[in-house]
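2 is the number of the first residue of the sequence shown in this note's numbering; add one for each residue after it. Glycine is no exception: its CB is placed at the ideal position from the N, C-alpha and C atoms. These numbers come from a predicted model, not from an experiment. One structure is given here, and the rest of the page talks about it.
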Amino acid sequence: MEDTIKKQEHKRVRYNVLFMPDDDTMTEKRLSVKMDVFIAFFAAIAFLLIAAFTYSFILIGELGDANKTIIQQKIQIEEITEEYNQAMAYNAELQEKVTILSDTVKDKVQKEEEREAQQARSCMPSGFPLKGTASYSESENELDGQPIAYFQVAPGTGVVATANGRVSSIAGNSGSGYIIMVDHGNGYYSVYRNGSKPKVDEGDEVTRATELFVIEIGHGQLGYQIIENNQYINPLEFMETYG
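So this is what it looks like as structure tokens:
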């Protein structure tokens, strides 16, 4: 009896799978599968499903992390791009300021050069020493061997400085005549000789409009000289009116 029970316990159950064809002319087919094979088959399927789901979850996690990294990198790129654009705008602003400053400096330098040139011209004794007309004596053009220009002038005519400068000296008297020397500060001096009473004093600053004498009756001749670097030069060649 016990042997029979043991045999029944050890007896393996087999399962038959019936395949029914759609065509009535074909015969049925049976597939006999042992229980342990059936269980192993479904266990393998279950394992594969679990493995597939596990891999999917892992892959989804990795994709999520990768997506977060991409988003962070995109944000960083946008921030860097914004900083670059700001830097370029700031650089353009600085460049514009540098250009404006450079133009301003150039303009100031040009104006300063023009001012200095104008000042230099204003100190060159190239003007005419009289207000009004006068006649010139060509036969008398030297005094003590030095060039001089003599003008015959009507009474009441003003004698003016031929450039900006300072009265460096006044010599002579009403009997022998006065000599006014003007220092123009650039190596040039202008000299005015006449018997009329001087209208300026030593040390006075003068311009081309400053009267040095007013020609008086009996003193109608004006002697005019120019000194350049301690050498007398022909004043007529230096005057704008006669140059």
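Where the alpha helix (DSSP H) through residue i begins and ends
i: F239; result: P236 to F239
Close-in-space but distant-in-sequence residues of the same chain around residue i (CB under 6 Å, 5 per side omitted)
i: G159; result: K132, E212 and V215
i: I227; result: P126, S191, I234, P236 and F239
i: I256; result: Absent from the structure is residue 256, since the part of the chain shown begins at 2 and ends at 244.
i: I101; result: none
i: V201; result: V168 and L213
8 Å Cβ shell around residue i - same chain, five flanking residues per side excluded
i: Q222; result: Y151, F152, Q153, V154 and N195
i: E175; result: In the sequence as presented, Glu is not what sits at residue 175; that position holds Ser. These residues qualify, in order along the chain: G196 and K198.
i: G204; result: R167 and V168
Residue i - partner residues in DSSP beta bridges
i: R167; result: D184 and E206
i: A172; result: I180
i: L131; result: V160
i: E229; result: Y189 and Q232
i: G224; result: Y151 and R194
i: E212; result: V161
Contact belief for residue i with residue j at Cβ below 8 Å, rounded distance in angstroms
i: N165; j: C124; result: 5 Å
i: G186; j: T163; result: The pair is not a contact, with the Cβ atoms about 14 Å apart (cut-off 8 Å).
i: G188; j: E229; result: 6 Å
Endpoints, beta strand (DSSP E) assigned at residue i
i: S138; result: Neither: S138 is in no beta strand (DSSP E) and is coded neither H nor E.
i: V201; result: Note, V201: premise wrong, no beta strand (DSSP E); not H, not E.
Own chain, CB closer than 7 Å to residue i, minus 5 neighbours either side, in chain order
i: L144; result: G224
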